[in-house]
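In the UniProt record's numbering, the protein residues as written are 1 to 170. Reviewing the structure listed below.
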Ligand code: AR6
């Protein structure tokens, strides 16, 4: 069955889904934006799990384009899938890394058995990726990925981001 793509304008920390994707950084130790919101609302269990992952697997940090799961702590979701988006560059094409975040997150979701997964607009905040381009890459990649995930829900914080994704999904 093909994955259904849905769009919501709102806060990803409030989504009742199996897994929420976090636009993390390679330290996995938290930050601002959606990362800060997830850690704040999910509570200290998420940071504790991230520290364990660093100690066991990612001493040098989680590489850009990769994804890894932890508990979702007190969030309504079961898991957080942390992925590290690329910082926007005008001189270098890093699209493949942004696509990889989406592909790898879906692969981790499949390993977990997650059927509903919420994504934020990865790299479009602190990492400055132009929204329209990020939306195109995100939607094309989800459409082009073989997965058992039944619903991918893009959760867009504001109307501009929502519109950028709506253009791709129509
Ligand atoms: N729900 C949904 N979307 C949100 C929320 C929320 N609660 N909060 C922000 N956004 P960003 P990045 C949107 O900066 O660009 C962190 O410090 C936001 O409007 O969170 O991948 C990390 O630790 C934007 O459209 O992530 C990294 O250091 C989108 O989420 C760095 O930022 C992504 O913005 C990652 O930067």
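By construction, the Cβ of each residue, glycine as well, lies at the ideal position given by its N, Cα and C atoms.
Apart from the 5 residues on each side of it in sequence, residue 122 sits with its Cβ closer than 6 Å to the Cβ of 23, 85 and 101 in its chain, given in chain order. Taken atom to atom, the span from the alpha-carbon of residue 142 to that of residue 44 is near 30 Å. Setting aside the 5 residues that flank it on each side, residue 106 is surrounded in the same chain by 145, 147 and 149, each with a C-beta closer than 6 Å to its C-beta; the list follows chain order. If you check the C-beta of residue 58 against the ligand AR6, you find no heavy atom less than 7 Å away.
Around the C-beta of residue 94, 16 or more other C-beta atoms lie within 10 Å, and the residue is accordingly described as buried.
Residue pairing by DSSP places residue 5 opposite 152 in a beta bridge. The region 8-78 is shown to contain whole alpha helix (DSSP H) runs of 4 or more residues at 33-42 and 44-56, in chain order. A residue is called buried when at least 16 other Cβ atoms come within 10 angstroms of its Cβ; residue 18 meets this threshold and is buried. In this structure, the CA atom of residue 159 is about 14 Å from the CA atom of residue 125.
Relative to the Cα of residue 110, the nearest Cα in the group 162, 79, 170 and 26 belongs to 79.
In this structure, 69 is the residue among 32, 170, 161 and 69 with its C-alpha nearest to the C-alpha of residue 113. Put simply, the residues with a CB less than 6 Å from any heavy atom of the ligand AR6 are 11, 12, 13, 23, 24, 25, 31, 32, 33, 34, 35, 37, 85, 120, 121, 122, 123, 124, 125, 126, 127, 155, 157 and 161, in chain order. For a cut-off of 8 Å, the C-beta gap from residue 119 to residue 21 is around 5 Å, short enough to register as a contact.
Between residue 87 and residue 128, the C-beta spacing is below 8 Å. Here residue 80 carries a strand assignment [DSSP, helix/strand/coil]. In the DSSP assignment, residue 141 falls within the alpha helix (DSSP H) that extends over 131-143.
Between residue 26 and residue 64, the C-beta gap is smaller than 8 Å, which places the two residues in contact.
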